[in-house]
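*Asks:* Structure provided below as structure tokens; questions to follow.
Numbering (this note's numbering), first residue to last: 2 to 581.
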């Protein structure tokens, strides 16, 4: 019986501290009809039972409000409802199309795209699986009986919490893992369905008459859709569908923890080749599909900073070619500066670690400058000071092919390691405060550089040869030597350096990080994606997805201070020492 004494209950709530346990916020799209926003009880009851905090999202078309909303929710449920306007899929309506809901269609299609870009976990239910599919490039049936030849009754007349047909679940799917079964009995209330899963998704459940009943991400993302109505079951005392909501709340916890880390700590990707795309007239302030790093993707993935390099392909070494290489490096650095100058409200160039932290406090992204291939200085060590004065924080001594400084991992052992000029260059880099980068270098060059340099060396984008036998990767002995000298290796997200047979995923990247930490220690490993230089793997394909790395690291048991070291802290420790 209600006490009707709010003061007493308020006092009881505050009789100890803390007064509540944090729960992730699960946004649920509301239905819209006749000027009213409504939501059936099963949705928010299931979220509450699973340990989440439900937040009903009404239909609106304010993009600022929609984007701001996504800064505060930890997961989304796309609820059931009416048909989707086929015009959004480039189709005309067939006679069997039922009522559409224009107020919901635009908002939810946009919501899915924006949330997917931000790696926010999503569960689509009935209409929701269809919205997810339509938004991300799949196809729908406007009517399953007319277009798909459905033979089961998919719009039941009995109570909503009663199951009326079965579904068969793919044994290797996330859905099978969630339920611990490959067969389920489900309810059914639809006449539209997924015809073809969106790119990056797999069909993971089907009905006896062959209709798609579930899809899930194949890109290691927390995105799943079901055609039935799992939220109805709890209202009949049936908890068989609760694992689905518990999965979503668990993913929301994981996402919220990673996002909290990124808001509090600095993340630095130490190798990015976006300037290679400058000749395509890319747009850094737009979400440009031609590049993997731009302001939108960095913001979506919570990447604070990246080191953009002026990459130089190894070419001829006559005087004219060497001068051309120097001039090209100079021009690329100028183009980076000009790109930043056009977007100063959102990004700045950082020359020191302190600049990075200042820019983060100001709410701006940061770019640092690097050079990939000592070919840029030709045979003139004085050019090192020129580039250092321009703000270059590191130079990779070579690329694919020997140059005048050293032997490459993909070269002909011309010098037997460092040349005399290479040793002079390292000494000059030490003097002016420029980091010596040995990614791409032969083992002989690597060991000799450690001996020649007065400050620790770095490998800005390399992985573990013990896990992927490629000459660009570091052996365990190299990892130990690097650690002993105080240096750091940055895990590269290039497919061929993570998995020799190809098809590398985020799980392979985590294996390499774990292995290198085990061998070299947590103080000597980091991340250099090589985005826009062939870097990018399934699960971390561009800058918008770097938060997925953080989620995996946290799931692996790395502490927040550990992750701060991996996401640039170790690299910046060496940078401070070199610049001192």
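Just so you know, even glycine gets a beta-carbon here, dropped at the ideal spot from N, CA and C.
Enumerate, from N- to C-terminal direction, the unbroken alpha helix (DSSP H) stretches of 4 or more residues contained entirely within the region 384 to 434.
*Replies:* Listed in chain order, the complete alpha helix (DSSP H) runs (minimum 4 residues) inside the region 384 to 434 are 421 to 433.
*Asks:* Please classify residue 545: is it buried, with 16 or more other beta-carbons within 10 angstroms of its beta-carbon, or exposed?
*Replies:* Per the 10 Å Cβ criterion, buried.
*Asks:* With a cut-off of 8 Å on the beta carbons, I'd call residue 53 and residue 25 a contact; round off their distance for me.
*Replies:* The Cβ separation is near 5 Å, so the contact holds.
*Asks:* Any chance the region 379 to 395 sits against the region 419 to 437, with 3 or more Cβ pairs inside 8 Å?
*Replies:* A contact exists between the region 379 to 395 and the region 419 to 437.
*Asks:* Give a yes or no on whether the C-beta atoms belonging to residue 167 and residue 185 are separated by under 8 Å.
*Replies:* Result yes, Cβ atoms of residue 167 and residue 185 sit closer than 8 Å.
*Asks:* Return yes when at least one heavy atom of the ligand PLP lies under 7 Å from the C-beta of residue 102, else no.
*Replies:* In the structure shown, the ligand PLP is absent, as is every other ligand, since no ligand is present at all.
*Asks:* Which of the three DSSP states is assigned to residue 169 in this structure?
*Replies:* If DSSP states are grouped into helix, strand and coil, residue 169 belongs with the strands.
*Asks:* Considering only the alpha carbon of each residue, which of 330, 408, 360, 235 lies closest to residue 373?
*Replies:* Of 330, 408, 360, 235, the residue nearest in Cα terms is 330.
*Asks:* Does the structure place the region 78 to 87 close enough to the region 276 to 290 that three or more beta carbon pairs sit under 8 Å?
*Replies:* The region 276 to 290, when compared against the region 78 to 87, does not touch it at the 8 Å Cβ threshold.
*Asks:* Can you give the Cα-Cα distance for residue 243 and residue 580, rounded to whole angstroms?
*Replies:* Distance between the alpha carbons of residue 243 and residue 580 is about 55 Å.
*Asks:* Using CA atoms only, rank isn't needed, just tell me which of 205, 210, 223 is closest to residue 216.
*Replies:* The option with the nearest alpha carbon to residue 216 is 205.
*Asks:* Start and end of the alpha helix (DSSP H) containing residue 179?
*Replies:* Its alpha helix (DSSP H) spans residues 175 to 180.
*Asks:* Just list the alpha helix (DSSP H) runs in the region 255 to 289, keeping only unbroken ones of 4 residues or longer that don't cross its boundaries, in chain order.
*Replies:* For the region 255 to 289, not a single whole alpha helix (DSSP H) run of length 4 or above is found.
*Asks:* What do you get for residue 463, buried or exposed, if any count of 16 or more other CB atoms within 10 angstroms of its CB means buried?
*Replies:* Looking at its Cβ environment, which holds 16 or more other Cβ atoms inside 10 Å, residue 463 is buried.
*Asks:* Going by other Cβ atoms of all chains shown within 10 Å of its Cβ, with 16 needed for buried, is residue 231 buried or exposed?
*Replies:* So residue 231 counts as buried.
*Asks:* Going by C-alpha to C-alpha distance, which of 350, 453, 120 sits closest to residue 393?
*Replies:* Per the Cα distances, 350.
*Asks:* Leaving aside the five residues before and after residue 508 along the sequence, list all residues of the same chain whose C-beta is less than 8 Å from its C-beta, in chain order.
*Replies:* The answer, listed in chain order, is 221, 540, 553.
*Asks:* Going by the DSSP bridge assignment, what does residue 495 pair with across the sheet?
*Replies:* Residue 495 pairs with 536.
*Asks:* With respect to the alpha helix (DSSP H) encompassing residue 133, which residues constitute its N-terminal and C-terminal limits?
*Replies:* 128 to 136 is the extent of the alpha helix (DSSP H) around residue 133.
*Asks:* Can you tell me which residues form a DSSP beta bridge with residue 213?
*Replies:* DSSP lists 207 as partners of residue 213.
*Asks:* Short of 7 Å in beta carbon distance, which residues of its chain neighbour residue 455, apart from the five on each side in sequence? Order them along the chain.
*Replies:* Counting only Cβ-Cβ distances below 7 Å, and skipping sequence neighbours, we find 431.
*Asks:* Opposite residue 526 in the DSSP bridges: which residues?
*Replies:* 490.
*Asks:* Helix, strand or coil: which one does DSSP assign to residue 101?
*Replies:* The answer is strand: DSSP assigns residue 101 an E or B state.
*Asks:* Where does residue 38 fall in DSSP's three states?
*Replies:* In this structure, residue 38 counts as strand in the three-state DSSP scheme.
*Asks:* So the candidates are 152, 51, 28; which of them puts its Cα closest to the Cα of residue 121?
*Replies:* Minimum Cα distance to residue 121 is reached at 28.
*Asks:* Does the distance from the C-beta atom of residue 210 to that of residue 141 stay below 8 Å?
*Replies:* No, they are not a contact pair.
*Asks:* Do the CB positions of residue 491 and residue 529 come within less than 8 Å of each other?
*Replies:* Their beta carbons are under 8 Å apart, which means residue 491 touches residue 529 by this criterion.
*Asks:* Give the secondary structure of residue 462 by DSSP, where H, G and I count as helix, E and B as strand, and everything else as coil.
*Replies:* Reduced to three states, the DSSP call for residue 462 is coil.
*Asks:* Verify whether the separation of the beta carbon atoms of residue 149 and residue 113 is less than 8 Å.
*Replies:* The answer is no: Cβ separation not under 8 Å.
*Asks:* According to DSSP, simplified to helix, strand and coil, what is residue 18?
*Replies:* Three-state DSSP puts residue 18 in coil, outside helix and strand.
*Asks:* Provide the residue span of the alpha helix (DSSP H) that contains residue 146, from first to last.
*Replies:* That run of the alpha helix (DSSP H) goes 145 to 148.
*Asks:* DSSP has residue 366 in a bridge; who is on the other side?
*Replies:* According to DSSP, which records beta bridges pairwise, residue 366 is partnered with 348.
*Asks:* Considering only residues of the same chain and omitting the five flanking positions on each side of residue 88, which have a CB-CB separation below 7 Å?
*Replies:* Closer than 7 Å at the Cβ level, and outside the excluded window around residue 88, lies no residue.
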